[in-house]
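The numbering used here numbers the first residue of the sequence shown as 2 and each following residue consecutively.
Built from N, CA and C at the ideal position, the CB exists for glycine as well.
Structure first, then comments.
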Amino acid sequence: MIGIGHHGLAMRPTETGDESFVRHLFKTARAESLAVAGLPPAALDSLLEQQFRAQSAGYAAQFPDAVSLLIVRRDEPIGRLILHCTAQRWHIVDIVLLPAERGHGLGTEVIDALEAIARQRGVVALTLSVLATNPDAHRFYLRRGFAETGQAGAAHIAMKKDLA
């Protein structure tokens, strides 16, 4: 377990027993954006389950060597970080916190800790892609020193933070 920040935060590798939390995290984070569709609860849950499986399979296919980390506070899971690491570059595949944990500086602590660890290991850049329809996340990364580097597919903006 890697301790980070001032709020009792730590990161640890996800384990088989964490799957139900990871599924809950995904559904909780996505349910807000899909609630406007007005789907009945069973249909919404079915759609979210399909999306969860598709995302999981997509990440596994695109980033087979990625590391999945649980973000915990005082041993309680509050989020997840997926990283694809090479010697020179760490790509943030996905980072998500429970909605109730957002807006309290925890994401900043996670990114700052990640950056510090990357620098210690000689990594020269952090990269990520953010949904173009997620202006809050986009602004968050800009405030953390990431710069746009172009489009990443039709729906994402590629971003990079040089560490060297």
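Going by DSSP in three states, residue i sits in which element: helix, strand or coil?
i	result
E33	helix
A100	The question names Ala, but residue 100 is Pro in the sequence shown. If DSSP states are grouped into helix, strand and coil, P100 belongs with the helices.
H157	strand
V125	coil
L164	coil
Can you grab the Cα-Cα spacing for the pair residue i / residue j, in whole Å?
i	j	result
I5	A43	38 Å
A32	R90	32 Å
S57	V73	20 Å
R81	V97	6 Å
L40	Q121	47 Å
I118	A153	26 Å
T87	T29	31 Å
Just reading off the beta strand (DSSP E) that residue i is part of, what are its end residues?
i	result
V68	V68 to R74
P1	The structure shown does not extend to residue 1, since the chain is modelled only from 2 to 165, so the question has no answer here.
P65	Careful: P65 lies outside any beta strand (DSSP E) and carries neither H nor E.
Check this for me: beta carbons of residue i and residue j, under 8 Å apart or not?
i	j	result
L70	T128	no
L84	A62	no
I79	E102	yes
The alpha helix (DSSP H) spanning residue i covers which residue range?
i	result
G39	Note, G39: premise wrong, no alpha helix (DSSP H); not H, not E.
R120	L107 to Q121
P136	P136 to R144
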